[in-house]
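*Asks:* Numbering (the numbering used here), first residue to last: 1499 to 1651.
Positions of the beta carbon are idealized from the N, C-alpha and C atoms, including for glycine.
Everything numeric in this text was worked out from a predicted model, so none of it was measured.
Shown below is the structure under consideration.
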């Protein structure tokens, strides 16, 4: 019996997402429409898995590596699936000009703009001598998320 091989194998377990099933279904629909629009014929891992990986990543606490190993996909594929899922979600957001127009129409005199650094697994590489995913303020790697809200929050 090879105990070294057994010790290095990942322990896989299930976990429950906080994301409602209906939200995952809507993300699957958005991914299907996106792939039809760009002319993609098929996807090896399927849109439901991509939607679940995207939700699990956005809920936080999961690295690309842990999500990849737990779902039987290569880490690079997992990263690509999640980034594409985030891109598809971001495309659903209203443009800022439309948000401002709606705020004026509603009679609001201001909007609340707030940002957050969402921790993520380190993304290797430098662009122009800089680490694009590193936040000096927070002293960690992460993505930037911005929220625009009504005056009452």
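Would you decide whether residue 1560 is buried or exposed? Buried here means 16 or more other CB atoms lie within 10 Å of its CB.
*Replies:* Burial call: buried.
*Asks:* What are the boundary residues of the alpha helix (DSSP H) that includes residue 1527?
*Replies:* Run containing residue 1527: 1519-1536, per the alpha helix (DSSP H) assignment.
*Asks:* Ends of the alpha helix (DSSP H) at residue 1566?
*Replies:* Where residue 1566 is concerned, the enclosing alpha helix (DSSP H) stretches over 1562-1569.
*Asks:* Starting from residue 1589, trace the alpha helix (DSSP H) both ways and give me its first and last residue.
*Replies:* It spans 1573-1589 - the alpha helix (DSSP H) in which residue 1589 sits, taken as one unbroken run.
*Asks:* Exposed or buried, what is residue 1611 when buried is set at 16 or more other beta-carbons lying within 10 Å of its beta-carbon?
*Replies:* Label assigned to residue 1611: exposed.
*Asks:* Is it buried or exposed for residue 1521, if we count other Cβ within 10 angstroms and need 16 for buried?
*Replies:* It is exposed - the Cβ of residue 1521 has fewer than 16 other Cβ atoms within 10 Å.
*Asks:* Whose C-alpha, out of 1650, 1550, 1526, is nearest the C-alpha of residue 1604?
*Replies:* Nearest of 1650, 1550, 1526 to residue 1604, Cα basis: 1650.
*Asks:* For the candidate residues 1565, 1545, 1535, 1616, whose alpha-carbon lies nearest to that of residue 1636?
*Replies:* Cα-wise, what sits closest to residue 1636 is 1616.
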